[in-house]
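Residue numbers (my numbering): 392 to 641.
In structure tokens, the structure reads:
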């Protein structure tokens, strides 16, 4: 659900005019907790448009159709709420420590390969989703300070567009902690598979699931510890920056 909310908010924030698609995005946000139970016809009635218009809008924001959008809500719904209630100071420290231990256990040769690919890439696109868009921009800033200017667009639609123009000399760095963005419901999955260039995934999810899409899968935490993912990513970036400076001193 979170990714859909971010996507709809991004559409509204970046709309130049309040057209029919703006109206649909606004209606979806107003009824976000009911979408899971809607049929295509019900959604069209709520938005006061034809069913075909709903499907066209869903494709416009990165879904194959309304059914895929609805399934993404059902798949992600309630995941964050249940975990947040259990998090206290002790569990926060424990979970973060477990993730940091995983980062410390990343094989040295994998880190060296990743840094080499970053260094050699002509163009780098960083894809950050949901609440990790801020962390993606932090990685962009740190790589810039190392002399690597990367692209990190917080507009979901511009992210999709950027992938279509990459070459084999380029690189995609994707941050998807739980792997939700890579589900079949979202068109971004196909866009990444079809894109040229080297592909790195940073995740807490099972790395074996995504090796058919990505050249490198960097697992930096336990999926059960996703609520401390923002802090974990900052620690991972520190490690990457240190390794970069070590391999390619200024």
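By construction, the Cβ of each residue, glycine as well, lies at the ideal position given by its N, Cα and C atoms. Computed from a predicted model, the values in this text were never measured in an experiment.
For residue i, the residue or residues it bridges with in DSSP
i, result
"residue 564", "517 and 591"
"residue 610", "594"
"residue 542", "516"
Whole-number beta carbon distance between residue j and residue i, since they are thought to touch under 8 Å
i, j, result
"residue 529", "residue 625", "7 Å"
"residue 596", "residue 560", "Actually they do not touch by this definition, with Cβ atoms about 28 Å apart."
"residue 557", "residue 586", "5 Å"
"residue 564", "residue 593", "7 Å"
"residue 608", "residue 483", "About 26 Å separates the two Cβ atoms, so there is no contact after all."
"residue 510", "residue 639", "6 Å"
"residue 415", "residue 445", "7 Å"
Cβ neighbour criterion (16 or more within 10 Å) applied to residue i
i, result
"residue 461", "buried"
"residue 395", "buried"
"residue 405", "exposed"
"residue 480", "exposed"
"residue 523", "buried"
"residue 636", "exposed"
"residue 616", "buried"
"residue 436", "exposed"
"residue 631", "buried"
"residue 544", "buried"
"residue 603", "exposed"
"residue 411", "exposed"
"residue 525", "exposed"
"residue 584", "exposed"
"residue 555", "exposed"
| field | Sequence ranges, beta strand (DSSP E) only - wholly within the stretch 478 to 536, length at least 3 | value | Complete beta strand (DSSP E) runs here, min 3: 515 to 519.
| request: Report the residue ranges of all alpha helix (DSSP H) runs contained in full by the stretch 396 to 470; include only those spanning at least 4 residues, in chain order. | output: Segments of the alpha helix (DSSP H) lying fully in the stretch 396 to 470: 411 to 421, 431 to 438, 442 to 451 and 457 to 467.
| Counting pairs of Cβ atoms below 8 Å between the stretch 499 to 506 and the stretch 548 to 555, do you hit three or more? | As far as the Cβ criterion goes, the stretch 499 to 506 does not touch the stretch 548 to 555, which means the pair count is below three.
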